[in-house]
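*Asks:* Here it is, the structure in full.
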């Protein structure tokens, strides 16, 4: 008889990965702080953008997980309308919120500091697009994988996607800065 049950071990491992992901994202932020300081409004954009990625991927995983447990989604990647609809909705939602975050960062920066830097909106949209390309396939694949292996994706995917979202968001923002 084990001291902890299966669900406790799943949740604990997810939290440990989330902690490590947060540390990696923090290290990336610390290493590139000098570069980020050169771009007006980045420190206005970063907190919302980091939160965005984990929330949308987590919601996608939770919706897929519910569909798997209800039996309306099969645990394989195909062109099922529920799977495709959820992926498209997550993709569009990320791009829309990224544009909104970029616009808010631009507006706050202009109203408070008087700096006119429209490229912050493009940085947010490009970073959202890059983060989507990585996070959404990861969310779908590993939700199905864990379900097929007998794990509850609801216990594991939230913390994993938060960790992935933090790291991917920071890398996407840095890549978008280079591209813009």
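Residue numbers (this note's numbering): 194 to 373.
Each residue gets a CB set at the ideal place from its N, CA and C atoms; glycine is no exception.
Could you check what DSSP says for residue 318 in three-state terms: helix, strand or coil?
*Replies:* Your numbering for residue 318 matches position 125 in the chain shown. The answer is helix: DSSP assigns residue 318 an H, G or I state.
*Asks:* According to the neighbour-count rule (16 or more other Cβ atoms, all chains shown, within 10 Å of its Cβ), is residue 194 buried or exposed?
*Replies:* Here residue 194 is taken as the residue at index 1 of the chain shown, counted from 1. At residue 194, the pLDDT of 46 sits below 50, so the modelled position is not reliable and the matter cannot be decided from this model.
*Asks:* I'd like to know whether the C-beta atoms of residue 318 and residue 362 end up nearer to each other than 8 Å.
*Replies:* Taking the chain shown and counting its residues from 1, one reaches residue 318 at position 125. Taking the chain shown and counting its residues from 1, one reaches residue 362 at position 169. It is not a contact, given that the beta carbons lie outside the stated cut-off.
*Asks:* Give the straight-line distance between the Cα atoms of residue 307 and residue 280, rounded to the nearest whole angstrom.
*Replies:* Numbered from 1 along the chain shown, position 114 holds the residue referred to as residue 307. Numbered from 1 along the chain shown, position 87 holds the residue referred to as residue 280. Rounded to the nearest angstrom, the two C-alpha atoms are 39 Å apart.
*Asks:* Is the separation between the beta-carbon of residue 246 and that of residue 358 shorter than 8 Å?
*Replies:* Counting from one through the chain shown, the residue named residue 246 turns up at place 53. Counting from one through the chain shown, the residue named residue 358 turns up at place 165. Their beta carbons are under 8 Å apart, which means residue 246 touches residue 358 by this criterion.
*Asks:* For residue 315, which residues from the same chain have a beta carbon less than 6 Å from its beta carbon, with the 5 sequence-adjacent residues on both sides left out?
*Replies:* What you label residue 315 is simply residue 122 of the chain shown in a count that begins at 1. Closer than 6 Å at the Cβ level, and outside the excluded window around residue 315, lie 373.
*Asks:* Alpha carbon to alpha carbon, how far is residue 337 from residue 268?
*Replies:* For the purposes of this step, residue 337 is taken as the residue at position 144 of the chain shown. For the purposes of this step, residue 268 is taken as the residue at position 75 of the chain shown. So the alpha carbons of these two residues sit roughly 5 Å apart.
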